[in-house]
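K.L.:
Dumping the structure here so I can ask a few things about it.
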Amino acid sequence: MLTLKSELRRELIDNILPYWMQKMPDYENGGFYGRIDGEERVLPFADKGAVLNTRILWTFSAAYRLEKNSEYLKIAERAFDYIQDYFIDKKYGGVFWELNYKGEPVSRRKQMYAQGFALYGFSEFYRATGRPEALEAAKHIFYLIEEHAYDSRYGGYVEALDENWQVIDDMRLSAREDNAPKTMNTHLHILEPYTNLLRVWKDPVLIEAQTRLIHVFCNHIVNPRTKHLRLFFDWEWNSQNNDISYGHDIEASWLLYEAAEVLGDTGLIEKVKKLSGEIINASYEGLQPDGSMIYEITHNGHIDTDRHWWVQAETIAGSYHAWLRSGDKKYLEVAEKCWKYVKQYLSDKINGEWFWSVHADGTQNRKADKAGFWKCPYHNGRMCMEIFSSE
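Count the sequence shown with our numbering and you get residues 36 to 426, in order.
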C-alpha cells in the first residue's frame, strides 16, 4: 500500500502535472492552448473548451491544497482568472461551452456538464486558497443550475440550455451522444461538484438538492436488475437504450458514496454503501485478465475494447475506494493490477502524461489527442490524489 501511494504521488508530481505546466499555457492569447495532438504537436489556434479549463482549475487547485507547491498555485490562478475573464457570461451568467483561441465565444450554450465543472473548479480553488470570490462564483453557478435546469415536475436536471437558459432542440454533450434531455453523465458531474461545495458551504438548499440527486441515482439511473448505470433518458426518466459504460459505472460507485458521506445522512450512507458495492461488482464485467478495463458495450452489441485513459484511472480509484469501504482485499488487488497495466502501456514516460487509450493488442492510440477538449489532467490526477492523500 505504501508503495502504491508513493508511486502514484510520483506519477502526479513527475509525469502528469509538469506536462500541463510546461506545454499548455498560452502566453500569447491567455489561458491555455486548446489542443495538443497525439504526436505532441501544439495546435495554437484550436478552440478552448470549458471542460478542459475548469478541469485544469480543479486539478491544480487540489494539487496545491495537498502539496503547497507555489507553481501549482500559479497554474490554478491562471485558470481561475481566464475562466472569470472569458468563459463567464457577463450578461446571463454561467459559463460558455466553447471559445476560439482568442477567447471569443464560439458556442454560448449552457451545457449543465460544463456548469458543474465550473462549480467544481471554483469550490476547489476556494478550498485551496480561501479566496472569497471563488466561493461566491461557485454559489452563483449553483443558484443558476437550480433556477434554470432543475426539473421540478420529474426531478433531475436538463442536459443543456441556450445562452439565455431556454430549452434547445439539440442537447448533446458531443456528437457521439444520444440527444436526450437527461443523462447519467451530467447528473454524475453535478453530484460531484455539489459534494465539493458542501465541504465548505452547508447551505440548506444545497443539502436538499444533493439529497434529491442521490435519490435520482438510486431510483432512476441505476438499473435495479443489472446494477449498471442507465445513460440516456427522456423527461420522465424512461431509459432510451441499454448501453453499458464501464468507466462511468465504476466512477459512480465511489462518487455516489462520497456524496452521501459528505451529506452526513446515516440512513442514506448505509443505503448507498450497499448500492455502491453492487455497482462496482457489475462494472467488473469489463475487467480483462491483464488488469485493464474495456470501454463500453452498446445496445447494438458493439464492444469497444480500447483501454481509455480515464476508464483505467476510475478503475484504480473506484477499486481503491471499494477496498476502503469493505475491507475486501480483492478490490485493492484490482487497483494494483490496473495500475501495473497503466505503468506498462498507458503512462508516457518519454513525453509525459498518459496516452488517450491503448488498443487491445497493447499498442498506444497516437491518433487521439494528448490534451484537448476532453483530454484533461482531471481523471488521472484526481485518482493519484485520492489514493496518496487517503488515511
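Think of the CB as a built atom: it goes at the ideal place given N, C-alpha and C, for glycine as much as any other residue.
With DSSP run on the structure shown, which of helix, strand or coil describes Glu74?
P.N.:
It is coil, neither helix nor strand.
K.L.:
Just list the residues that DSSP pairs Trp389 with in beta bridges.
P.N.:
Ser382
K.L.:
Could you give the DSSP three-state label for Ile48: helix, strand or coil?
P.N.:
helix
K.L.:
Under DSSP, the beta strand (DSSP E) around Ser142 begins and ends at which residues?
P.N.:
140 to 142
K.L.:
Could you tell me the boundaries of the alpha helix (DSSP H) in which Ser105 lies?
P.N.:
Per DSSP, the continuous alpha helix (DSSP H) segment holding Ser105 begins and ends at 105 to 117.
K.L.:
Which same chain residues, not among the five before or five after Ala81, have their C-beta less than 6 Å away from its C-beta?
P.N.:
Closer than 6 Å at Cβ, skipping near neighbours: Gly69, Arg70.
K.L.:
Between Val235 and Arg144, is the Cβ-Cβ spacing less than 8 Å?
P.N.:
Result no, Cβ atoms of Val235 and Arg144 do not sit closer than 8 Å.
K.L.:
Have a look at Leu87 and Asp284 and give me their C-alpha separation to the nearest angstrom.
P.N.:
22 Å
K.L.:
Thinking C-alpha only, which one of Asp72, Glu102, Gly397, Ala173 is nearest Gly128?
P.N.:
Ala173
K.L.:
Using 8 Å as the threshold, is the C-beta distance between His414 and Trp358 below it?
P.N.:
For His414 and Trp358, no; Cβs fall outside 8 Å.
K.L.:
Can you tell me whether Ile249 is buried or exposed? The criterion is at least 16 other CB atoms within 10 Å of its CB, across all chains shown.
P.N.:
buried
K.L.:
Applying the 10 Å Cβ sphere with the 16-neighbour rule, what's the burial state of His343?
P.N.:
buried
K.L.:
In the segment 111 to 194, which residue ranges form an unbroken alpha helix (DSSP H) of at least 4 residues, counting only runs that do not cross its ends?
P.N.:
147 to 164, 167 to 179
K.L.:
Quick one: Cα of Ala352 to Cα of Gln323, how far?
P.N.:
In this structure, the alpha-carbon of Ala352 lies about 17 Å from that of Gln323.
K.L.:
For the segment 382 to 402 against the segment 354 to 368, do three or more pairs of beta-carbon atoms, one drawn from each stretch, fall closer than 8 Å, so that the two count as touching?
P.N.:
no
K.L.:
Quick check on Phe268: does DSSP put it in helix, strand or coil?
P.N.:
strand
K.L.:
Sort Glu168, Ile48, Ile118 by Cα distance to Arg90 and report the nearest one.
P.N.:
In terms of Cα proximity to Arg90, the closest of Glu168, Ile48, Ile118 is Ile118.
K.L.:
Of the residues Phe67, Leu381, Ser209, which one's Cα is nearest the Cα of Gln146?
P.N.:
Ser209
K.L.:
State yes or no: is the C-beta of Phe122 within less than 8 Å of the C-beta of Leu134?
P.N.:
yes
K.L.:
Would a C-beta distance cut-off of 8 Å place Thr94 and Gly416 closer than the cut-off?
P.N.:
yes
K.L.:
For Val202, list the residues DSSP reports as bridge partners.
P.N.:
By DSSP's assignment, Val202 forms a beta bridge with Leu196.
K.L.:
Got a sec? Which residues, its chain only, sit under 8 Å from Leu108 by beta carbon, not counting five neighbours each side?
P.N.:
Taken in chain order, the residues that qualify are Phe95, Tyr99, Ala163, Thr164.
K.L.:
In the segment 242 to 327, which residue ranges form an unbroken alpha helix (DSSP H) of at least 4 residues, counting only runs that do not cross its ends?
P.N.:
281 to 298, 301 to 318
K.L.:
Taking the continuous alpha helix (DSSP H) assigned at Arg100, which residues delimit it?
P.N.:
Boundaries of the alpha helix (DSSP H) harbouring Arg100: 85 to 102, taken from the DSSP string.
K.L.:
How many Å lie between Thr333 and Ser274 at the Cα?
P.N.:
When only Cα atoms are considered, Thr333 and Ser274 end up about 14 Å apart.
K.L.:
In or out: Lys309 buried (at least 16 other Cβ within 10 Å) or exposed?
P.N.:
exposed
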